[in-house]
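> What follows is a single structure, and I will ask about it in a moment.
There are 2 protein chains.
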Amino acid sequence: MQSYSKKVSMTVVKRLPKYYQYLSDLSDRDVEKISSKELANMMGLTASQIRQDLNSFGAYGQQGYGYKVEELKDAIRDILGLNQPYNCVIIGSGNLGRAISHYERFKNEGIHIKAMFDVDHGRVGKTVGKIPVYHMDDLEQFVKENEINICILCVPREVGQEIANRICKIGIKAILNFVPLDLTVPEDVVVENVNITDSLFTLTFLLSEK
Amino acid sequence: MQSYSKKVSMTVVKRLPKYYQYLSDLSDRDVEKISSKELANMMGLTASQIRQDLNSFGAYGQQGYGYKVEELKDAIRDILGLNQPYNCVIIGSGNLGRAISHYERFKNEGIHIKAMFDVDHGRVGKTVGKIPVYHMDDLEQFVKENEINICILCVPREVGQEIANRICKIGIKAILNFVPLDLTVPEDVVVENVNITDSLFTLTFLLSEK
DNA sequence: TAGATTGTTAATCGATTAACAATC
DNA sequence: TAGATTGTTAATCGATTAACAATC
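Right, dumping it as structure tokens:
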């Protein structure tokens, strides 16, 4: 496991998943080495930026050669925290929750979705793929018994904050939040928002600009 | 309709949907005026930043008073291009496509989802909510006959680029892309990516940092 | 008028790009 | 050794913060 000391800026962190994706693809195609220039062309960045980014966490290539794909990929995977497994629950078994439960990539990277929760008795007791759907009443107990550390929140806006409160109370420290709401959480809980409507509005802006 | 001349930076544009959300909520609660300071507190920004942002497109408040919520909300709505309606198709009627077809907010803002397309004969011919699901073979004709200007892409990675090519060929100029792939499109086509896996990896980074 | 808050300029900070010596 | 490409420093650019005069 590669260790790194320097602080990685959030700007760089936001680019890391993309680096990881490209390096994984290169690795799958058995490409062994890549230069910052080649990678920049592929990703639409500058070579300079890539070298700065990679240096910000100390990953190093070889002068006159480039970067070893496998090595760099593994270094970035470690920095993203993907060198350890995570246990995850999805709250809300609607279409969005179900869509996410099918993401193959999650399981491949050691992110295991253990259960889904819902209040709809028509859904509770069934399974989605191989994932069981339980009633919200059983959330607290399940989280404690299964060492859950990530919660994916796919509930209606009206109950978003309320459920976030419950989640934080049980000790979950990370929320992937699909609710279009800025959740208020204790400062030791990290939240990453996915706001599909915001993305659409950015798109209409770009479209109407032309 | 408010007109604006200065160029708005992408950094600001990415914040506009959030401003719009907060101002809509204030408006719903019949709040008439807001100061940059109050809004900053609510949104977790600085008052200075808010004033700079709003000034970058010429929206103005009143010195000594603040901003009129309704007026500012409408100005931002116009800048986001939401003063005109859009016709939209969703490609891929899996869980993700279906989830998005249920977003009430889209319709409220004049973004009309006219149809969904799929290759699965088990899905074609049915409806999702009130939205019909057609076969991909009928895509070209439907787009032409219904003045579609936005496409929401929810297909498997393997066929993402191929379908993007088809979309661009018919003349659609905007794609909301859920496929974890950097699409190659003509330069007059705008693409906004939503990458759920990338968001999750940002989350695991933040979680493992602690 | 006095108080509040904007619009706007200046100062600071951080991110990107350019350049090049180090070195494989 | 010559060529390539990194790591890293310096220069530039852009975004955020601070400060304050303008003015409602």
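Chains as they are written, first to last, in our numbering: chain A, 1 to 210; chain B, 1001 to 1210.
Built from N, CA and C at the ideal position, the CB exists for glycine as well.
(1) Give the DSSP-derived three-state secondary structure of Asp212/A in the structure shown.
(2) Just the Cα atoms here: how many angstroms apart are Gly125/A and Ile175/A?
(3) Among all the DSSP beta bridges, which residues are the ones paired with Pro132/A?
(4) Looking at chain B, is there any beta carbon in it that lies within less than 8 Å of the beta carbon of Pro85/A?
(5) Hey, Ile1196/B and Leu1153/B are a contact pair by Cβ (cut 8 Å); roughly how many whole angstroms apart?
(6) If you draw a straight line from the alpha carbon of Ser1003/B to that of Glu1071/B, how long is it in whole angstroms?
(7) Is it the case that the stretch 181-200 of chain A contacts the stretch 162-169 of chain A, given that we only count it when at least three CB pairs across the two stretches are under 8 Å?
(8) Output the distance between the C-alpha atoms of Ser1005/B and Phe205/A, rounded to the nearest integer angstrom.
(9) Within its chain, find whatever has a CB closer than 8 Å to the CB of Asp138/A; leave out the 5 residues flanking it on each side and keep chain order.
(10) Give the DSSP-derived three-state secondary structure of Val8/A in the structure shown.
(11) What did DSSP end up calling Ile1163/B once you bin it into helix, strand or coil?
(12) In chain B, what lies closer than 9 Å to Pro17/A by C-beta?
(13) If contacts are defined as beta-carbon pairs under 8 Å, then Ile79/A and Phe57/A qualify, I think. What distance do you get, rounded to the angstrom?
(14) Please check the pair His150/A and Tyr86/A, which I expect to be a contact at CB under 8 Å, by giving their CB distance rounded to whole angstroms.
(15) Pop quiz: Gly129/A and His102/A are said to be a contact at Cβ under 8 Å. What is the actual Cβ separation, rounded to whole angstroms?
(16) Quick one: grab the DSSP three-state call for Val190/A.
(17) For Leu43/A, which option in Pro17/A, Gly64/A, Asn55/A has the closest C-alpha, if you only look at C-alpha atoms?
(18) Using a Cβ-Cβ cutoff of less than 7 Å, which residues in the same chain neighbour Gly1097/B once the five nearest sequence positions on both sides are dropped?
(19) Quick check on this structure: which residue in Phe178/A, Val143/A, Asn146/A has the alpha carbon closest to the alpha carbon of Val159/A?
(20) Please list the residues of the stretch 78-104 of chain A that have a C-beta atom closer than 8 Å to any C-beta atom in chain B, keeping them in chain order.
(21) Whole angstroms is fine: what's the gap from Leu82/A's alpha carbon to Ser24/A's?
(22) Taking 8 Å as the threshold (beta carbon to beta carbon), is Phe117/A in contact with chain B?
(23) Only counting the same chain, and skipping five residues up and downstream in sequence, which positions put a Cβ closer than 8 Å to that of Lys1173/B?
(24) If distances are taken between C-alpha atoms only, which option among Lys37/A, Leu45/A, Gln84/A, Gly110/A comes closest to Gly64/A?
(25) Does the beta-carbon of Arg157/A have 16 or more other beta-carbons within 10 angstroms, so that it is buried, or is it exposed?
(26) DSSP three-state call for Lys1073/B: helix, strand or coil?
(27) Would Ile150/A pass as an interface residue toward chain B - the criterion being a Cβ-Cβ separation below 8 Å?
(28) May I have the straight-line CA-CA distance separating Tyr1020/B from Leu1200/B, to the nearest angstrom?
In short:
(1) This structure leaves residue 212/A out entirely; chain A is present only between 1 and 210.
(2) One Cα belongs to Gly125/A, the other to Ile175/A, and the distance between them is close to 24 Å.
(3) Thr127/A
(4) no
(5) Between the beta-carbon of Ile1196/B and that of Leu1153/B there is about 14 Å, and that puts the pair past the 8 Å contact cut.
(6) Caution applies to Ser1003/B, whose pLDDT of 43 falls short of 50 and renders its modelled position unreliable; the value that the coordinates give is listed next. When rounded, the distance between both Cα atoms is 13 Å.
(7) yes
(8) With a pLDDT of 49 at Ser1005/B, under the threshold of 50, the modelled position of this residue cannot be trusted, and the question is left open.
(9) In its chain, beyond the 5 residues on either side, Phe117 have a beta carbon closer than 8 Å to the beta carbon of Asp138/A.
(10) In the three-state scheme derived from DSSP, where H, G and I count as helix and E and B as strand, Val8/A is classed as coil.
(11) helix
(12) What Pro17/A touches in chain B: Asn1195, Thr1197, Asp1198, Ser1199, Leu1200, Phe1201, Thr1202, Phe1205.
(13) 6 Å
(14) The question names His, but residue 150/A in the sequence shown is Ile. Their Cβ separation, rounded to whole angstroms, is 5 Å, which keeps Ile150/A and Tyr86/A in contact under 8 Å.
(15) 6 Å
(16) strand
(17) A small correction: the amino acid at residue 43/A is Met; Leu does not occupy that position in the sequence shown. Nearest option by C-alpha distance: Pro17/A.
(18) Ile1090, Met1116, Cys1154
(19) A check of alpha carbon separations from Val159/A across Phe178/A, Val143/A, Asn146/A identifies Phe178/A as the nearest.
(20) Ile79, Leu80, Gly81, Leu82, Gln84, Tyr86, Gly94, Asn95, Leu96, Arg98, Ala99, Ile100, His102, Tyr103
(21) 13 Å
(22) no
(23) Asn1149, Asp1188, Val1189, Val1190
(24) Lys37/A
(25) By the 10 Å Cβ count, Arg157/A comes out exposed.
(26) helix
(27) It does: the Cβ of Ile150/A has a partner Cβ on chain B nearer than 8 Å.
(28) 25 Å
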